[in-house]
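Chemist: Under my numbering, the letters of the sequence shown match residues 326 to 460, in that order. Below you will find the structure I want to go over with you.
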Amino acid sequence: GENVRDWLYVEDHARAIDLIFHEGKIGDTYNIGGFNEWANIDLIKVIIKVVDKQLGRQEGASENLITYVTDRAGHDLRYAIDATKIKNELNWEPSLQFEEGIEKTVSWFLDNQEWLDNVTSGDYQRYYEDMYTDR
Numbered sequence: 326g327e328n329v330r331d332w333l334y335v336e337d338h339a340r341a342i343d344l345i346f347h348e349g350k351i352g353d354t355y356n357i358g359g360f361n362e363w364a365n366i367d368l369i370k371v372i373i374k375v376v377d378k379q380l381g382r383q384e385g386a387s388e389n390l391i392t393y394v395t396d397r398a399g400h401d402l403r404y405a406i407d408a409t410k411i412k413n414e415l416n417w418e419p420s421l422q423f424e425e426g427i428e429k430t431v432s433w434f435l436d437n438q439e440w441l442d443n444v445t446s447g448d449y450q451r452y453y454e455d456m457y458t459d460r
């Protein structure tokens with residue numbers, strides 16, 4: 326859970342891609358990042374806090390659901406994105422604070438239970454295994 330990642334709300338990411346498409350310099354490369362690095366364990370605790378709140382549970386009630394596993398060999402400890410170029414040249418930065426994006430994401434999943442059930446069903450998983458195993 327100590328591995329670190331840079332997190333960004335999906336709509337901010339899409340907005341950055343659109344901005345690059347319309348205003349970026351042809352042939353240039355732009356990194357899109359959230360200026361928002363979190364250790365995985367800290368991220369999951371934020372998600373749990375938001376889920377517990379939205380489901381009317383006591384804060385932290387679901388932390389006992391965390392299962393620690395051994396990290397895979399060679400797993401990167403940190404993925405860092407330097408997004409200063411897009412910020413400086415195209416004046417882009419995330420529009421949402423991290424926890425607001427988590428709240429919107431959790432709300433979407435809770436409001437779309439049928440979709441969630443479909444993508445976590447055995448049929449859906451078998452489809453992806455059939456399509457992408459041994460490629």
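Note that CB positions come from ideal geometry on N, CA and C, so glycine has one too. Values in this document were obtained by computation on a predicted structure and should not be read as measured data.
1. Can you list, in chain order, the residues of its chain whose CB lies under 7 Å from that of Glu348, leaving out five sequence neighbours each side?
2. For the pair the region 418-429 and the region 368-377, tell me if three or more CB-CB distances fall below 8 Å.
3. With distances taken Cα to Cα, identify the nearest neighbour of Trp417 among Ile369, Ile357, Asn365 and Asp459.
4. Once the 5 residues before and after Glu384 are set aside, which same chain residues still bring their CB inside 8 Å of it?
5. Among Trp363, Ser432 and Tyr334, which residue has its Cα nearest to the Cα of Glu327?
6. Take Ala339 as the anchor and find which of Gly447, Gly352, Val431 and Pro419 has the nearest alpha-carbon.
7. Which of helix, strand or coil does DSSP assign to Ala405?
8. Could you pull out every residue in the same chain whose Cβ sits closer than 7 Å to the Cβ of Asn443, ignoring the five residues on either side in sequence?
9. So, at 8 Å on beta carbons, what are the nonlocal neighbours of Asp401 in its own chain, with the 5 sequence-adjacent residues on each side left out?
Modeler: Reading off the structure:
1. Leu415.
2. The region 418-429, when compared against the region 368-377, does touch it at the 8 Å Cβ threshold.
3. Out of Ile369, Ile357, Asn365 and Asp459, the CA that lies nearest to the CA of Trp417 is found in Ile357.
4. Only residues of its own chain outside the window of five on either side were considered, and among them Lys374, Asp377 and Lys378 have a CB closer than 8 Å to the CB of Glu384, listed in chain order.
5. Distances from the alpha-carbon of Glu327 to those of Trp363, Ser432 and Tyr334 put Trp363 closest.
6. That would be Pro419, whose Cα lies nearest to the Cα of Ala339.
7. In the displayed model, Ala405 falls within coil according to three-state DSSP, outside both helix and strand.
8. Hits under 7 Å: Tyr449.
9. The answer, listed in chain order, is Asn328.
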